[in-house]
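Q:
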Amino acid sequence: MQIEKFSDKWLFQDHSKREIKHWIHNLKYFHFFRAWGGHNNDGDKFEVTINFYSKEDLLEKLNRLGVIINFVPDNTPQPLVGVSYPSTEYWKFKSLVRQFPEMEQPGKKTINNLPCSIYIGENYFQISIAGTKDENYYQVTNSDFEVAKKLEDFFNTLLPKLEQDFEIEKNAGCISRSIYPELY
């Protein structure tokens, strides 16, 4: 299956080819993701995906990273499908982990005093970096790259074998060796 690539015009619109190559050549775990743009409400980011094999494995890995998960009662209210809520009401709902509905999605956290965002999917969790300099979560800066590098150094001390999910590299937004070999 051929994965669609970004045009050079879009890929290098905000960051030079040299800068992007510097990032991707100097990151071991994190990948640079270029936003699709338009109305997708996505942004550029640095991201790593880490596998887990059970709830205990997930909690142990997050605990080693210093991430505390909030647990919620069984009767935690959730939005109903087809019901419209005012934003002030909607934001009161907890975002739950689908695989473990007793857990709240971590969202914005810090690891080793470094800002990041964490999302737990089915048998994986993602750590994303964006907006560390100016809270602009749509464009990354060199500050975000530096945070990713520092987190990688921290990972090396805590997770001797980081069990990455390399499926991330097949995502069209991921600037990876498999989709953009010309940058490597």
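The sequence shown begins at 667 in the working numbering and counts up by one. We treat Cβ as the ideally placed atom computed from N, Cα and C, and that holds for glycine. Keep in mind that this is a model prediction, so the values were computed, not measured.
Which class does Asn736 belong to by DSSP, given the choice of helix, strand or coil?
A: coil
Q: Are three or more beta carbon pairs between the region 728 to 735 and the region 773 to 792 nearer than 8 Å?
A: Yes: at least three Cβ pairs fall under 8 Å.
Q: For Glu801 and Pro745, what's the separation of their Cα atoms in angstroms?
A: 28 Å
Q: So what's Ile845 in DSSP terms, helix, strand or just coil?
A: coil
Q: Sorted by chain position, which residues of the same chain lie with C-beta nearer than 8 Å to Tyr790's C-beta, five sequence neighbours on each side aside?
A: Thr715, Ile716, Asn717, Phe718, Asp831
Q: If we call anything under 9 Å between Cβ atoms a contact, is Phe737 one with Arg700?
A: Not in contact: Phe737 and Arg700 (Cβ atoms no closer than 9 Å).
Q: Consult DSSP for Phe791 and reduce its assignment to one of helix, strand or coil.
A: strand
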